[in-house]
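**Student:**
2 protein chains.
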Amino acid sequence: MVHTCGMAKKSNSTVRPSKSISELLRLPKGPVNMASLDPAGRPGYPGHGKSDADGYTAAIGPILADLQERLFANGKSTPVDAKRVLLVLQGMDTSGKGGVITHAVGLVDPQGVHIKGFKAPTPEELSHDFLWRIRNALPDPGMIGIFDRSHYEDVLVVRVENLVPVSEWDGRYDLINTFEAELAAAGYLIIKCFLNISPGEQKLRLAARLADPSKYWKYNPRDVNAHEKWGAYMEAYKDALERCNTDAAPWYVIPSDRKWYRNWAIAEILKEQLVAQGFTWPAANFDVAAEKARVAAI
Amino acid sequence: MVHTCGMAKKSNSTVRPSKSISELLRLPKGPVNMASLDPAGRPGYPGHGKSDADGYTAAIGPILADLQERLFANGKSTPVDAKRVLLVLQGMDTSGKGGVITHAVGLVDPQGVHIKGFKAPTPEELSHDFLWRIRNALPDPGMIGIFDRSHYEDVLVVRVENLVPVSEWDGRYDLINTFEAELAAAGYLIIKCFLNISPGEQKLRLAARLADPSKYWKYNPRDVNAHEKWGAYMEAYKDALERCNTDAAPWYVIPSDRKWYRNWAIAEILKEQLVAQGFTWPAANFDVAAEKARVAAI
Chain Z
18 MVHTCGMAKK
28 SNSTVRPSKS
38 ISELLRLPKG
48 PVNMASLDPA
58 GRPGYPGHGK
68 SDADGYTAAI
78 GPILADLQER
88 LFANGKSTPV
98 DAKRVLLVLQ
108 GMDTSGKGGV
118 ITHAVGLVDP
128 QGVHIKGFKA
138 PTPEELSHDF
148 LWRIRNALPD
158 PGMIGIFDRS
168 HYEDVLVVRV
178 ENLVPVSEWD
188 GRYDLINTFE
198 AELAAAGYLI
208 IKCFLNISPG
218 EQKLRLAARL
228 ADPSKYWKYN
238 PRDVNAHEKW
248 GAYMEAYKDA
258 LERCNTDAAP
268 WYVIPSDRKW
278 YRNWAIAEIL
288 KEQLVAQGFT
298 WPAANFDVAA
308 EKARVAAI
Chain L
18 MVHTCGMAKK
28 SNSTVRPSKS
38 ISELLRLPKG
48 PVNMASLDPA
58 GRPGYPGHGK
68 SDADGYTAAI
78 GPILADLQER
88 LFANGKSTPV
98 DAKRVLLVLQ
108 GMDTSGKGGV
118 ITHAVGLVDP
128 QGVHIKGFKA
138 PTPEELSHDF
148 LWRIRNALPD
158 PGMIGIFDRS
168 HYEDVLVVRV
178 ENLVPVSEWD
188 GRYDLINTFE
198 AELAAAGYLI
208 IKCFLNISPG
218 EQKLRLAARL
228 ADPSKYWKYN
238 PRDVNAHEKW
248 GAYMEAYKDA
258 LERCNTDAAP
268 WYVIPSDRKW
278 YRNWAIAEIL
288 KEQLVAQGFT
298 WPAANFDVAA
308 EKARVAAI
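Read top to bottom, the protein sequences are chains Z and L. Basically the numbering used here = 1-based index in the first sequence + 17. Basically the numbering used here = 1-based index in the second sequence + 17.
In C-alpha cells:
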C-alpha cells in the first residue's frame with residue numbers, strides 16, 4: 018500500500034495563493050488611506066506562522082542566491098547592458114530595516130550586495146542637491162543595492178521637522194519621480210518597501226531594547242520624540258506613497274508587526290522580481306575550444 | 018543504564034588540537050620556503066573531511082555573528098575607540114578569495130561587512146601613491162573590511178609584469194609595513210591570508226570553469242598567462258610573505274587545494290581573533306531608567 022498522507026493538504030493555509038506576493042503587497046495607485054494599511058497582516062503566507070517561517074524564508078535562499086549570481090555574472094560580463102537592483106527600505110524606527118538586511122538580504126552572497134545607510138546629511142552632502150548623495154551610492158551593474166532609508170527622508174523627517182520650507186520639499190516628489198524614471202530607463206530594477214508597523218508595536222520594541230543591555234546600542238532617545246509625532250509622519254508617508262508610486266518605481270507595503278512575515282515577504286518579493294527578469298548566464302566572451310586547449314596544455 | 022556511547026571519542030581525528038588554528042596557520046617569522054608550504058594540508062581540522070565540513074563551518078556562524086554584532090555595536094556607540102577588522106585575501110587566480118567571502122564572511126550580517134575588490138588601478142588611482150586607493154577603502158569603526166586582493170598586488174603582479182621599475186617596487190615592502198603598523202596603532206585588527214593552491218589544482222579549476230557554461234563568466238584568458246609565470250609569482254609571494262610578516266599585521270598561510278578546509282579555516286581564524294578581543298556590549302549612553310519611563314508613558 019502506498020502512503021499518500023504526506024501529500025495531503027493539511028488545511029487551506031498551506032495552499033499557495035493565485036496572486037504573487039508582489040501583487041498582493043503592491044500598493045495600488047491612487048489615493049492612500051494610511052489607516053487601511055494593516056501592519057499585522059500576513060497576506061499570501063503559505064505556512065502556519067512564526068513556527069515555520071524560518072524554514073519558508075530559508076527555502077527562498079538557494080533560489081535567490083542563484084538569481085543573484087546570474088545578475089552578478091551579467092554585471093561582470095556585459096556591464097553596459099546588465100541590470101542593477103535597488104531595494105529601498107523605508108519605515109519608522111524599529112520597523113526592521115536592519116532586520117530585513119540581516120535575514121532577507123543575508124540569504125545571498127555578500128559580494129553581490131551594496132548596502133548604504135542614509136543618516137542625517139553631512140555638511141558636504143547638504144551643500145549639494147538632496148539627490149547628490151543618493152546618486153553617489155547607486156549600485157554598480159549586476160549588484161543589488163540596498164538603501165536603508167533613502168531620498169525619501171527628504172520628504173519625511175525633513176518635512177515633519179521643518180528642516181526646509183514647504184515650497185522646497187513639496188517640489189521634491191516630482192524630482193524623485195523624474196529621478197527614479199531615469200534610473201529605471203537606465204536598467205535599474207527598483208523595489209521600494211514601506212515597512213508598516215503600528216505605534217503599539219513600536220512601543221513594545223523600544224521597551225525591549227531598554228530591557229536588554231545587549232540592545233542598548235540600538236536605542237536612541239530621539240526615537241521617542243519621533244514616536245510622539247506619529248501622526249505627522251503618517252501624513253508625510255501618505256504623500257510619499259501616493260505621489261511617488263509609479264510603474265518605474267512601485268511601492269510595496271509590508272506588514273511589519275510580525276518580523277517573521279516581514280522578512281519572508283521581502284525575500285519573496287525580491288525573488289519574484291528577479292525571476293521575472295529571466296536572467297540567463299552570459300555567453301563566453303572568448304573562444305571556449307581554444308581556451309580548453311590552452312588549459313589542457315599547461 | 019545511562020548511555021554514554023554518544024559522548025565517546027570515535028577517533029583521534031575528532032580531538033581538538035592544543036594549538037589554535039591561528040597558531041597552526043600563522044606564518045613563522047623569518048625566511049620563507051614556498052615549496053615547504055603544503056597547499057593540500059588540513060592542520061587542526063577537527064572532523065573527518067569534506068563530508069562534515071559544511072557542518073563545522075556552519076557551527077562557527079552563530080559565534081562569529083555574535084562577535085561581529087558586538088564589534089558593530091561598539092562601532093556605533095563609541096566609534097573613536099572601536100576596533101575595525103581588516104581581512105586581506107591574497108592568492109593566485111582560482112585560489113578562492115571569492116569563495117571565502119561567500120562561505121566564511123557570509124556567516125555574518127552583511128551590514129557589518131565592507132567588501133572591496135582591487136582590480137587593475139584606474140587612471141585616477143595611478144595618479145596617486147599606490148596606498149591611496151587602499152586608504153580610501155578602509156573599513157569604518159566596528160566594521161569588518163574585506164580586501165579581495167590589496168596593496169600586495171603592488172609587489173606581486175606589478176613586480177612580475179614589470180609595471181614599475183625594481184627601485185620603485187622594492188621600496189614598497191617598507192612602506193607597507195609602516196602603513197600596516199599605523200593602522201594597527203589606530204585600532205585595526207589586521208588578518209592577512211595567503212590562499213595557497215598548487216598549480217595542478219589551479220589547472221583543474223580553470224578547466225572546470227571551461228566545462229560549465231554557468232562558470233564562463235569567471236574565466237579570463239589572462240589567468241593562463243599568469244599560470245605560465247607561476248615561478249615568478251611564487252618568488253614575489255615569498256618576498257611579500259617574508260618581508261611583511263609583522264606582529265602588527267601577521268600572515269596566515271591557508272592550505273587552499275581543499276575548498277572546504279580553506280573556508281572553515283578562515284572562518285575559524287576570524288572567530289579566534291575576534292574572541293581574543295574580548296568585546297563587551299557598549300554601555301548605555303543615556304539614562305536607562307528615565308528612558309524606560311518615557312517609553313512607558315507613550
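C-beta: ideal position from N, C-alpha, C; glycine also.
Let me make sure I understand the geometry here. Which of Z:H65, Z:T119, Z:A70 and Z:A265 has the alpha-carbon closest to that of A203 (chain Z)?
**Tutor:** If you number the first sequence from 1, residue 203 (chain Z) lands on position 186. With distances taken between Cα atoms, A203 (chain Z) lies closest to Z:A265.
**Student:** Using the C-alpha atoms, what's the distance from H244 (chain L) back to G58 (chain L)?
**Tutor:** Mapped onto the second sequence, residue 58 (chain L) falls at position 41. Mapped onto the second sequence, residue 244 (chain L) falls at position 227. The alpha-carbon atoms of G58 (chain L) and H244 (chain L) are separated by roughly 22 Å.
**Student:** With respect to the alpha helix (DSSP H) encompassing G78 (chain Z), which residues constitute its N-terminal and C-terminal limits?
**Tutor:** Residue 78 (chain Z) sits at position 61 when you count from the first residue of the first sequence. From DSSP, the alpha helix (DSSP H) with G78 (chain Z) extends over K67 to S94.
**Student:** Kindly indicate which three-state DSSP category R130 (chain Z) falls into: helix, strand or coil?
**Tutor:** For this step, residue 130 (chain Z) is matched to residue 113 along the first sequence. One point to set straight first is that residue 130 (chain Z) is Val, not Arg, in the sequence displayed. V130 (chain Z) falls in the strand class under three-state DSSP.
**Student:** Spatial neighbours of G115 (chain L) within its chain, please: C-beta separation below 8 Å, excluding the five flanking residues on both sides.
**Tutor:** Locating residue 115 (chain L) in the second sequence gives position 98, counting from the first residue. Result list for G115 (chain L): D165, in chain order.
**Student:** Hey, how far is the Cα of A293 (chain L) from the Cα of G47 (chain L)?
**Tutor:** Your numbering for residue 293 (chain L) matches position 276 in the second sequence. Your numbering for residue 47 (chain L) matches position 30 in the second sequence. Each residue's alpha carbon lies about 25 Å from the other.
**Student:** Taking the alpha-carbon of Y233 (chain L) as reference, which of Z:A70, Z:G64 and Z:E86 has the nearest alpha-carbon?
**Tutor:** Locating residue 233 (chain L) in the second sequence gives position 216, where the first residue counts as 1. The residue with the shortest Cα to Cα distance from Y233 (chain L) is Z:E86.
**Student:** Around the C-beta of P45 (chain Z), are 16 or more other C-beta atoms found within 10 angstroms, so that it is buried, or is it exposed?
**Tutor:** Locating residue 45 (chain Z) in the first sequence gives position 28, counting from the first residue. Under this definition P45 (chain Z) is an exposed residue.
**Student:** Considering Cα atoms alone, identify which of L:A75, L:K246, L:P60 and L:I77 is closest to E178 (chain L).
**Tutor:** On the second sequence, residue 178 (chain L) is found 161 positions in, with the first residue counted as 1. Of the listed residues, the one whose Cα sits closest to E178 (chain L) is L:K246.
**Student:** In chain order, which continuous runs of the alpha helix (DSSP H) of length 4 or greater are located wholly inside the stretch 116-184 of chain L?
**Tutor:** Those alpha helix (DSSP H) runs which fall completely within the stretch 116-184 of chain L and span 4+ residues are 140-143, 149-152 and 174-177.
**Student:** Would you kindly check if the distance between the Cβ of Q107 (chain L) and the Cβ of S167 (chain L) is under 8 Å?
**Tutor:** To locate residue 167 (chain L), count along the second sequence from 1; it is residue 150. To locate residue 107 (chain L), count along the second sequence from 1; it is residue 90. It is a contact, given that the beta carbons lie within the stated cut-off.
**Student:** Just to confirm my understanding: we take K255 (chain Z), look at its own chain, exclude 5 residues before and 5 after, and list those with CB closer than 6 Å. What are they?
**Tutor:** Taking the first sequence and counting its residues from 1, one reaches residue 255 (chain Z) at position 238. Answer for K255 (chain Z): V49 and M51, listed in chain order.
**Student:** Alpha carbon to alpha carbon, what distance is there between T263 (chain Z) and F211 (chain Z)?
**Tutor:** By 1-based counting over the first sequence, the position of residue 211 (chain Z) is 194. By 1-based counting over the first sequence, the position of residue 263 (chain Z) is 246. Their backbone Cα atoms lie some 14 Å apart in a straight line.
**Student:** Which residue comes first and which comes last in the beta strand (DSSP E) that contains V102 (chain Z)?
**Tutor:** Counting from one through the first sequence, the residue named residue 102 (chain Z) turns up at place 85. Residue range R101 to G108 is occupied by the beta strand (DSSP E) that includes V102 (chain Z).
**Student:** Under a Cβ-count criterion, where at least 16 other Cβ atoms within 10 Å of its own Cβ denotes burial, should P182 (chain L) be classed as buried or exposed?
**Tutor:** Residue numbering aside, residue 182 (chain L) sits at position 165 when the second sequence is read from its first letter. Here P182 (chain L) is exposed, its C-beta having fewer than 16 other C-beta atoms within 10 Å.
**Student:** Below 7 Å CB to CB, which residues in the same chain sit around P216 (chain Z) once its five sequence neighbours on both sides are set aside?
**Tutor:** By one-based count along the first sequence, residue 216 (chain Z) stands at place 199. Excluding positions up to five away in sequence, the list reads H244 and W247.
**Student:** Specify, as a first and last residue, the run of the beta strand (DSSP E) that Y236 (chain Z) falls within.
**Tutor:** Taking the first residue of the first sequence as position 1, residue 236 (chain Z) is located at position 219. First-last for Y236 (chain Z): undefined, no H or E at that position.
**Student:** Residues in its own chain within less than 8 Å of E289 (chain Z) by CB, not counting five upstream and five downstream?
**Tutor:** Within the first sequence, the letter at position 272 stands for residue 289 (chain Z). Closer than 8 Å at Cβ, skipping near neighbours: S37, I38 and S39.
**Student:** Would you say M251 (chain L) faces chain Z, with C-beta separation under 8 Å as the test?
**Tutor:** Position 234 of the second sequence holds residue 251 (chain L). Taking Cβ atoms only, chain Z never reaches closer than 8 Å to M251 (chain L), which makes this a no.
**Student:** Which word fits K100 (chain L), buried or exposed, when buried means at least 16 other C-beta atoms lie within 10 angstroms of its C-beta?
**Tutor:** Sequence index remark: in the second sequence, residue 100 (chain L) carries index 83 (1-based). Buried is the call here.
**Student:** On a CA-only basis, which of Z:E170, Z:F296 and Z:W149 is nearest A137 (chain Z)? Give me that one, please.
**Tutor:** Numbered from 1 along the first sequence, position 120 holds the residue referred to as residue 137 (chain Z). The option with the nearest alpha carbon to A137 (chain Z) is Z:E170.
**Student:** Should P158 (chain Z) be flagged as near chain L, meaning a C-beta pair shorter than 8 Å?
**Tutor:** As a first step, residue 158 (chain Z) must be located in the first sequence, where it is residue number 141. Residue-level contact check: P158 (chain Z) does not touch chain L, since none of the beta carbons of chain L fall below 8 Å from its beta carbon.
**Student:** Taking the C-alpha atoms as reference points, what is the distance between L291 (chain L) and L84 (chain L)?
**Tutor:** Translated into positions along the second sequence, residue 291 (chain L) becomes position 274. Translated into positions along the second sequence, residue 84 (chain L) becomes position 67. Their backbone Cα atoms lie some 6 Å apart in a straight line.
**Student:** Cα-Cα, which of L:V97, L:S94, L:L104 and L:K67 is closest to K209 (chain L)?
**Tutor:** Along the second sequence, read from residue 1 onward, the residue named residue 209 (chain L) stands at position 192. Of the candidates L:V97, L:S94, L:L104 and L:K67, the residue whose Cα lies closest to the Cα of K209 (chain L) is L:L104.
**Student:** What residue range does the beta strand (DSSP E) around N213 (chain Z) cover?
**Tutor:** As a first step, residue 213 (chain Z) must be located in the first sequence, where it is residue number 196. For N213 (chain Z), the enclosing beta strand (DSSP E) stretches over residues Y205 to N213.
**Student:** Is the beta carbon of A154 (chain L) less than 8 Å from the beta carbon of V125 (chain L)?
**Tutor:** Numbered from 1 along the second sequence, position 137 holds the residue referred to as residue 154 (chain L). Numbered from 1 along the second sequence, position 108 holds the residue referred to as residue 125 (chain L). No, Cβ-Cβ distance for A154 (chain L) and V125 (chain L) is not below 8 Å.
**Student:** If you measure beta-carbon to beta-carbon, which residues of the stretch 201-229 of chain L are closer than 7 Å to chain Z?
**Tutor:** K220, L223, A224 and L227
**Student:** Give the secondary structure of R6 (chain L) by DSSP, where H, G and I count as helix, E and B as strand, and everything else as coil.
**Tutor:** What the structure shows of chain L is the stretch from 18 to 315, and residue 6 (chain L) is not part of that stretch, so it cannot be assessed.
**Student:** Can you list, in chain order, the stretches of the alpha helix (DSSP H) that have 4 or more residues and sit fully within the stretch 227-281 of chain Z?
**Tutor:** For the stretch 227-281 of chain Z, the full-length alpha helix (DSSP H) segments reaching 4 residues or more read 239-244 and 247-260 along the chain.
**Student:** Given that a residue counts as buried once 16 or more other Cβ atoms are within 10 Å of its Cβ, and exposed if not, what is K235 (chain L)?
**Tutor:** As a working mapping, residue 235 (chain L) is identified with position 218 in the second sequence. Looking at its Cβ environment, which holds 16 or more other Cβ atoms inside 10 Å, K235 (chain L) is buried.
**Student:** What's the call for R311 (chain L), buried or exposed, on a 16-neighbour Cβ count within 10 Å?
**Tutor:** Here residue 311 (chain L) is taken as the residue at index 294 of the second sequence, counted from 1. Under this definition R311 (chain L) is a buried residue.
**Student:** Are the C-beta atoms of Q107 (chain Z) and some chain L residue less than 8 Å apart?
**Tutor:** The residue you call residue 107 (chain Z) lines up with position 90 of the first sequence. Q107 (chain Z) is outside the set of residues whose beta carbon lies under 8 Å from a beta carbon in chain L.
**Student:** Taking 6 Å as the limit between beta carbons, can you name the residues of its chain near M251 (chain Z), skipping five residues before and five after?
**Tutor:** Indexing the first sequence from 1 puts residue 251 (chain Z) at position 234. Within the same chain, M251 (chain Z) has close Cβ partners M51.
**Student:** What's the call for G316 (chain L), buried or exposed, on a 16-neighbour Cβ count within 10 Å?
**Tutor:** Outside the modelled stretch of chain L, which goes from 18 to 315, sits residue 316 (chain L), for which no answer is possible.
**Student:** Identify the continuous alpha helix (DSSP H) that holds D98 (chain Z) and give its terminal residues.
**Tutor:** One-based indexing of the first sequence puts residue 98 (chain Z) at position 81. Taken as a continuous stretch (DSSP letters only), D98 (chain Z) belongs to no alpha helix (DSSP H), as it is neither H nor E.
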